Structure formats: structure tokens, C-alpha cells
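Okay, structure first, notes after.
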Amino acid sequence: MPNIVAGKVAVVTGAGRGIGRGIALMMAQEGARVVVCDIGASLDGAGTDIGPAQDVVNEIKKADGEAIASTLSISEPGNADKIIKSAIDAFGRVDILVNNAGILRDRIFHRMSWSDWSDVIAVHLHGSFNMSRACATHFREQNSGSFVHMTSTSGLVGNFGQANYMAAKLGIVGLSRGIALDMARFNVRSNCIAPFAWTRMIDSIPAETEEEKARVARFREMTPEKIAPLAVYLGSDCADGISGQIFSVRNNEIYLFSQTRPIRTLHRSDGWTPEKIDAQLKGAFASSFTPLDRSTDVFSWDPV
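What the sequence shown shows, in the working numbering, is residues 201 to 504, in sequence order.
See the structure below:
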């Protein structure tokens, strides 16, 4: 099989390190020309550094690939337009967008500040919208395109101290689904990946008990590069017909997640009062309530 994304142009955000770097490198390896987007900030979003993005570009070029770097912040809508324009100016088109960039501001909720909340939402959710919207017109005009968004089991399942991150990542699921519905008529696909990988983000998660420390040690086996094959596949024409889905990669495993649908119903022909609800709801629904699990409770076995 020839390179799976040969001739395509891929824009990858947060591509200077970790998962984004792995995706950018494999996109190039599989024939795509790549725009490597990364402001070079610290994990909490502070500072800028052109080094990480340019290092990935240099690595791609060293392997005879084509790439350019961008260090513009995706949280600004105007910057997203400029990034996509740079892709078109350099390579003539844009075919794949991977929304991977993100920051963390972990705080227990009663101590979470407005900036902790708004800065995380701005990069993850607003940034994903900004970049997707900047691509959308081009995808529509060429009647093709693929969005790959990074969500998280923190949002899909749950985690302590991450209400901001969870809200952003679950919001990205809604964004992806909305894009998939609105743009299906233009042959445009949109999917999510919830990655398990040892990155700066995982490294920041507190590990206090011996059990948590042992589990984090096992996480180190899940390298960021393991996420790239699925991201590249979803960006390729081979993934035709796959849209609006949520996948996960965990070392050598690929998962397909279910999506929210009604599971139980109660009906009274005479209508409801709070007292009638109290008399019936718990007994009817309690066995089907979703428990307050964390991601590690659901994925309780070691990576395969």
C-alpha cells in the first residue's frame, strides 16, 4: 500500500512534543505535508518557545518530508485563520486537522479560579473550534476533509481535580459530533480520540499512594507515538464512512466508546409531583445510575 496520506496536507496543533509530535512525524512519514503548530508553552500554558515546533519541522525535513512551523496561539480566532492560510500558501490546500493542543490547570473544584477554568477552556475547546472553523470553508469548497480531535477519558469517565479539563474535553466531543452532522453533506468527517500516553500531562497527575505510584509507572510504557497510527488512519481516505465516533488508544489497544442515549424511562399518565418522583425514581433508576468512577476505575487492568 502506498503512503496512506500521500498528497494530503495536515495541520497538527500541540505538535512540538508528546502525542502531537508523534502524529506530525507519522503524518509526514505517510506522505503528508505538515504544519507543525506549537507555541512552546509550559504545561500550564505559560511562556512561548519556537524551539519545539521548529525541532519537529527539522526532523521531518531531515527525513525528506515537507513541513512548516507555526507558533501562533490557537485560542485567538484570527490566529487560526493565519495558520490555515500559511498551510495553503505553503502547500496549496489543507486536508486534515488534528486538534491536539492543550494545557492543564488541575485544582480541586472549590479551589479552582476563574483563570484556571477559562484558560483551559480557551485552549482546548475554543482552540479546537477556532482551528476547525478556519478549516471548514476550505473543506466545504473542496468537498473533502477530516477532523481528528483529542478528547480524554477524564471527560468521558471522570477524574479528581479536573473539572475544567473534563468540561473542555467533553465539550470537544459535542463539537466533533456537531461538525460530523453539519458537514457530512460535504464529505467531511469528524472523530475523537481519547489517548492514553505518557506525556507531560500524565506526568503532572499526583500519585500519592503506593498503588497510584505503581500504576503511573505502568503508564510510562504507553508512549505518545502509539496514538499516531489511529490519528493518521482517521485522516486518510481509508476511513471513509467513519464520522462522529469516539475512539481510544491504550498502548496496543483501540477502543470504540458508546455515546449517551436514554437507558431507562418512567411514565405517569396523571403527571408528576416532587412527592411522586420521590416515591418512584430511586427504586426505578438507582440500579442504572452511573457511578462516580474515575478513569482508572473503569480501565482497571494493565495496558496490553
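We put the beta carbon where it would ideally sit given N, CA and C, even for glycine. Since we're looking at a predicted model, the values are computed, not measured.
Integer-rounded CB distance, given that residue j should sit under 8 Å from residue i
i, j, result
"ASN451", "PRO503", "4 Å"
"ILE274", "ALA267", "Not really, about 18 Å apart at Cβ, beyond 8 Å."
"ILE283", "LEU272", "6 Å"
"ASN300", "THR353", "ASN300 to THR353, Cβ: 16 Å. No contact."
"ASN364", "TRP317", "5 Å"
"PRO424", "ALA380", "The Cβ separation is near 26 Å, so there is no contact."
"ALA253", "ALA269", "4 Å"
CA-to-CA distance, residue j to residue i, given in whole angstroms
i, j, result
"PRO535", "GLU230", "Any question about residue 535 goes unanswered here, given that the chain covers just 201 to 504."
"MET401", "THR465", "Per-residue confidence for MET401 stands at a pLDDT of 49, beneath the threshold of 50, marking its modelled position as unreliable; the derived number appears in the next sentence. Answer to the nearest angstrom: the Cα atoms are 39 Å apart."
"CYS438", "VAL388", "13 Å"
"PHE386", "TRP472", "45 Å"
"PRO462", "LEU297", "32 Å"
"ASP382", "SER376", "10 Å"
"ALA384", "LEU434", "15 Å"
"GLY374", "GLY251", "33 Å"
"MET226", "ALA263", "11 Å"
"PHE339", "ASP295", "7 Å"
"GLY222", "GLY216", "9 Å"
"PRO491", "ASP497", "10 Å"
"GLY444", "SER390", "6 Å"
"GLY207", "LEU456", "29 Å"
"VAL209", "GLU475", "60 Å"
"LEU370", "GLY218", "21 Å"
"GLN342", "VAL235", "19 Å"
"ILE145", "ILE321", "No answer is possible for residue 145: it lies beyond the span of the chain, which begins at 201 and ends at 504."
"ASP319", "SER313", "10 Å"
"HIS467", "PHE485", "12 Å"
"LEU356", "SER495", "8 Å"
"ILE204", "SER436", "6 Å"
"GLY361", "GLU411", "19 Å"
"THR409", "LEU243", "24 Å"
"GLY292", "ALA224", "18 Å"
"GLY345", "GLU421", "33 Å"
"ALA417", "ILE446", "27 Å"
"ALA336", "GLY265", "26 Å"
"PRO277", "ASP255", "25 Å"
"SER332", "GLY220", "16 Å"
"ALA414", "PHE489", "30 Å"
"ILE442", "GLY327", "23 Å"
Classification of residue i by the beta-carbon crowding that lies within 10 angstroms, buried from 16 upward
i, result
"ALA287", "buried"
"SER500", "exposed"
"GLN459", "exposed"
"ARG233", "buried"
"ILE454", "exposed"
"SER315", "exposed"
"ASP440", "exposed"
"ASN330", "buried"
"LYS426", "buried"
"TYR483", "Looking at the sequence shown, residue 483 is not Tyr but Gly. Classification of GLY483: exposed, given that the 10 Å Cβ count is below 16."
"SER487", "exposed"
Under 8 Å between C-beta atoms of residue i and residue j
i, j, result
"ALA431", "ILE393", "yes"
"HIS358", "ASP470", "According to the sequence shown, residue 358 is Gly rather than His. No, Cβ-Cβ distance for GLY358 and ASP470 is not below 8 Å."
"ALA334", "ASP289", "no"
"HIS310", "ILE372", "no"
"CYS237", "VAL257", "no"
Segment contact, 8 Å Cβ cut-off, at least three pairs: the region 443-457 with the region 475-492: no
Meets three-Cβ-pair contact criterion under 8 Å: the region 304-316 and the region 349-357: no
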